[in-house]
Amino acid sequence: MLTNTNFKRVFSFLFFFLSASVFWTGCHNQDSGSAPHFQNLPAWANEAVVYELFVRDFTPQGTFKATQEKIPYLKELGVDIVWLMPIYPIGQKGRKGSLGSPYSVQNYYEVNPEFGTKQDFKNLVRAIHQAGLKIIIGFVPNHSANDYVEMAQHPDWFMRDQNGKFTREVQDWSDITDFNYDNPDLRKHIIEILKYWIREFDIDGYRFDVAGMVPDDFWRQAVPAMRSVKEELFLLAEWEDHKFIDFGFSADYNWKMLHAFQDLQTHSKTVGQMLEIYQTKYEQYFPEGRFLSFIENHDEQRAVKKFGIDRLEPYAAFIFTTPGLPLLFMGQEFGDTNYNASASLFEKVTINWQGFDSTLFSFYKKLTELRHAFPFNAGQWQVVHYDNQKRTLVYSNILNNQAVVAVLNFDDKTQTVAFEIPDTLHFIMDRPVVEWLTGEEISLQKTNRLTMQPFSAKILVAID
């Protein structure tokens, strides 16, 4: 769920931070006597491909059991972290649609009975782990359903207007009521829930909906509390602010790049302007932080509709060949068009497995294979060449004597891309180079000219 930054709530505890003596980071040793320190990013998440799915719409059955049967498929695709959108019972009061939004949670200690039982969920977690994958679940810390199970007993846990009526910051979200984080008992309640799913079901982390709408100092309480149960957690904030890395999160969102892609597609931005946006994010986050890179998710229009199935190749290649954590949203990998961000949260809209595009699936599978063959987040990313007029781009990622060079054409015309190999890449001229997507061997010289088809990518690989 998306919203503009709520400055009043986000910064209401600014004084707390200015006076606090304990700061959490993922790359510094703790001072003597400070609170326990944990690494933000587990080793298994450092180069992970994340796969988001909604249990209701992922399979025709819409259950945990049916999702479990798809684990071999997810393994074949090459994902590492399976992210389940919220799995809890959905409220009735003010419900949108016939089935309601998973972001309108009625009870955080239960699972949606439409998906199955708690034992079914536990079995799913176990099967995902046995397959060598990890699992995180969506959590909605900002609000609950209008008929939350604790509302009658604890009305002071919720925001109310001047007339004492339950209320919410975003009025269009008519199926929810905002939590009142001024109440310390509410904070304890939320933290105990977060610990519960880790302790009882062995999940590997959370994706936190609209994390920036929750007071900052809550995260300073919640993150160490979660990691006291299980140290190696992947914590993802649906927000775009480096402060979440400081709070102990593993990653946040890279919305700016998605918007830059859209602007590049409509010629509202140049390749150089898009690069500047990415470069700023990269320099701010690396090496200690991570961000989620995507061309679609459950809040967005499908990439095959947004860009066109014949135009998305360079955009997808970019998120898989640059530092960050690439995201695939269920069905993206085979060209699903059933999912609709404005309707599929509230009704049963199964993704279209019958319309499976095997060519597109093979493309994404190649990208996940490359992601596991080369450590993009450990290497040094650099721009080699770009041309605003031709709308082409060349960049590299180098680690020791291994390298990946991406050549992208964002234009609707065939372009000749001329570029020189920089000194940092000199070693690539003395060894075989393979174009990853086709297997074609290419010989690179100091000066090179590559013919690029419209909206295409060539990924040149020199790795051991």
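In case it helps, mature numbering (1 follows the signal peptide of the UniProt record, and there is no 0) puts the sequence shown at residues -24 to -1, 1 to 440.
Every residue gets a Cβ at the ideal spot worked out from N, C-alpha and C, and that includes glycine.
Asked	Found
Host beta strand (DSSP E) of S269 (start-end)	267 to 269
Beta strand (DSSP E) segments (min. 3 residues) lying fully within the region 243 to 280	267 to 269
Minimum C-alpha distance to I66 - residue among V81, Y371, D56	V81
Close Cβ partners of S432 (< 6 angstroms) along its chain, the five nearest in sequence each way excluded	E289, N385
Of the residues D333, Y254, T246, E214, the one placed nearest residue 441, counting alpha carbons only	Limits of the chain in this structure are -24 at one end and 440 at the other, which puts residue 441 out of reach.
Sub-8 angstroms separation of N122 and Q44 beta-carbons	no
Neighbourhood of P430 by C-beta, 7 angstroms cutoff - its chain only, sequence neighbours within 5 removed	N385, D387, D388, K389, T390
The beta strand (DSSP E) enclosing A293, as first and last residue numbers	First-last for A293: 289 to 296, but that is the alpha helix (DSSP H), not the beta strand (DSSP E).
Short CB-CB distance (under 8 angstroms) between L268 and chain B	Of the chains in the structure shown, none is chain B; there is only one protein chain.
Residues bridged to I113 (per DSSP)	L60, Y182
Backbone secondary structure at K422 - three-state DSSP	coil
Start-to-end residues for the beta strand (DSSP E) that takes in Q391	391 to 396
Neighbourhood of R87 by C-beta, 6 angstroms cutoff - its chain only, sequence neighbours within 5 removed	One detail in the question is off: residue 87 reads as Val in this sequence, not Arg. Correct list, in chain order: I63, K94, F97.
Where the beta strand (DSSP E) through I167 begins and ends	Segment 160 to 177 is the alpha helix (DSSP H) holding I167; no beta strand (DSSP E) there.
At least three beta-carbon pairs within less than 8 angstroms, the region 324 to 333 to the region 347 to 360	no
Completely contained alpha helix (DSSP H) runs for the region 87 to 160, where each covers 4 or more residues	94 to 106
Where the alpha helix (DSSP H) containing V199 begins and where it ends	192 to 205
Whole-angstrom distance between K141 and L268, CA atom to CA atom	37 angstroms
Bounding residues of the alpha helix (DSSP H) (the contiguous stretch that carries Y49)	47 to 53
Residue(s) in a DSSP beta bridge with A438	A379
Where the alpha helix (DSSP H) containing A236 begins and where it ends	231 to 241
Same chain, Cβ closer than 6 angstroms to residue 445, five either side skipped, listed in chain order	Absent from the model: residue 445. The displayed extent of the chain is -24 to 440, so no value can be given.
8 angstroms CB neighbourhood of F(-14) in its chain, flanking five on each side removed	Low local confidence applies: a pLDDT of 36 at F(-14) is under 50, so the model's placement there is unreliable, and no value is given.
Exposure label - A128; buried when at least 16 CB within 10 Å	exposed
Where L75 falls: helix, strand or coil (DSSP)	coil
Cutoff 7 angstroms; reference F294; Cβ partners in own chain excluding five residues on either side	L384
Of the listed residues I104, I404, T344, nearest to K46 (C-alpha basis)	I104
F237 to N22 span [Cα, whole Å]	24 angstroms
M428, DSSP secondary structure in three states	strand
Whole-angstrom distance between R407 and R425, CA atom to CA atom	18 angstroms
Continuous beta strand (DSSP E) assignments of at least 3 residues falling wholly in the region 320 to 385	356 to 363, 368 to 375, 378 to 385
Which of helix, strand or coil DSSP assigns to residue 451	Beyond the ends of the chain as shown, which are -24 and 440, falls residue 451; an answer cannot be given.
C-alpha gap between L(-11) and F194, whole angstroms	Confidence at L(-11) is low in this model, with a pLDDT of 35, below 50, so the placement of that residue should be treated as unreliable; the coordinate-derived value is given next. One C-alpha to the other measures close to 12 angstroms.
Inter-residue spacing [alpha-carbon to alpha-carbon] between K72 and D275	16 angstroms
Residues that DSSP places opposite Y27 in a beta bridge	V58, L304
Spatial neighbours of V381 in its chain, beta-carbon cut-off 6 angstroms, leaving aside the 5 residues before and after	S372, L436
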